[in-house]
Structures are given as C-alpha cells and as structure tokens.
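Asks:
Numbering (the working numbering), first residue to last: 1288 to 1408.
Printed below as a string of structure tokens:
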C-alpha cells in the first residue's frame, strides 16, 4: 500500500511505505516533498483489515478441555498439505483433573487451587 504524496506544484504520486516521514524530490518537477506518515489509528483501510483479521482469528475457537488433542478436529486426509498427519498420536495436552475440579498440568505434584497432592496413575 503506497502513501499518496502531493508536491508543492500540484503533482500527485505514491511512494513506498518505507519512505514515510522522509523528504524527497518530485519525479515530475524536482520540487521538494515531505512524505507524511499516515495516521494508522484513523485509517479506514487499517480498521477494515483489523476487523477482518480479528473475525478470522476468533472464528470457530473452542475452549480447551482436559486431555484434548492439539488439533480439535481430525485433519482432512484428502489434503496432502495437512500438517496434522505428520504428528504422532503422542501429541496430547497432558492435563488431569483434581478432586476440586481444577485442570492441573500432569507435571504438577499438587493442585495450585486447593493444595491437595495429586496421584498420577
């Protein structure tokens, strides 16, 4: 996305984002121009891109349950590009439930919520 620039003589052109905040010469009349830094917080393009990225990121997010797989759904076996098919069945989030109901990582010796020592079977 280029930054629109107008020279003192009225020529309009765009420059690359890396030139934001710098001075340069107009390619048409060699007048000196200053490339303004676009206001990112009020830019409608940025707001639209942020909204779209946020929706895509939070679409279909499921809560993590104890002893859940890294992938909540089985990868599509028809698609050779599925990276889930390369992982073994040992890729599991190792959480166990304490008597109080707290989900505790398997390597903890006692529950951080109630302090009860956990028996690992």
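Glycine residues also receive a C-beta, built at the ideal position from the N, C-alpha and C atoms. All figures in this text were calculated on a predicted structure; none of them were measured in a lab.
Applying the criterion that 16 or more other CB atoms from any shown protein chain within 10 Å of the CB defines a buried residue, is residue 1403 buried or exposed?
Replies: The residue is exposed, with fewer than 16 neighbouring Cβ atoms inside 10 Å.
Asks: Closest to residue 1309 by C-alpha separation, out of 1324, 1386, 1345, 1332, would be which residue?
Replies: Measuring from the Cα of residue 1309, the nearest candidate turns out to be 1324.
Asks: What is the DSSP secondary structure of residue 1399, counted as helix, strand or coil?
Replies: DSSP places residue 1399 in coil when its eight states are reduced to three.
Asks: Determine which residues share a DSSP beta bridge with residue 1383 and list them.
Replies: According to DSSP, which records beta bridges pairwise, residue 1383 is partnered with 1391.
Asks: For residue 1335, which residues does DSSP report across the bridge?
Replies: Paired residue(s): none; residue 1335 is not in a bridge.
Asks: Helix, strand or coil for residue 1299 per DSSP?
Replies: The answer is strand: DSSP assigns residue 1299 an E or B state.
Asks: Could you check what DSSP says for residue 1305 in three-state terms: helix, strand or coil?
Replies: Three-state result, residue 1305: helix.
Asks: Considering just the uninterrupted stretch of the beta strand (DSSP E) at residue 1405, what are its terminal residues?
Replies: Unbroken run through residue 1405: none, as it is neither H nor E.
Asks: Expressed to the nearest angstrom, what Euclidean distance is found between the alpha-carbon atoms of residue 1302 and residue 1390?
Replies: Approximately 53 Å, taken between the alpha carbons.
Asks: Need the endpoints of the beta strand (DSSP E) that residue 1310 sits in, please.
Replies: From DSSP, the beta strand (DSSP E) with residue 1310 extends over 1310-1312.
Asks: Out of curiosity, what's the CA-to-CA distance linking residue 1401 and residue 1384?
Replies: Going by the C-alpha atoms only, they are around 12 Å apart.
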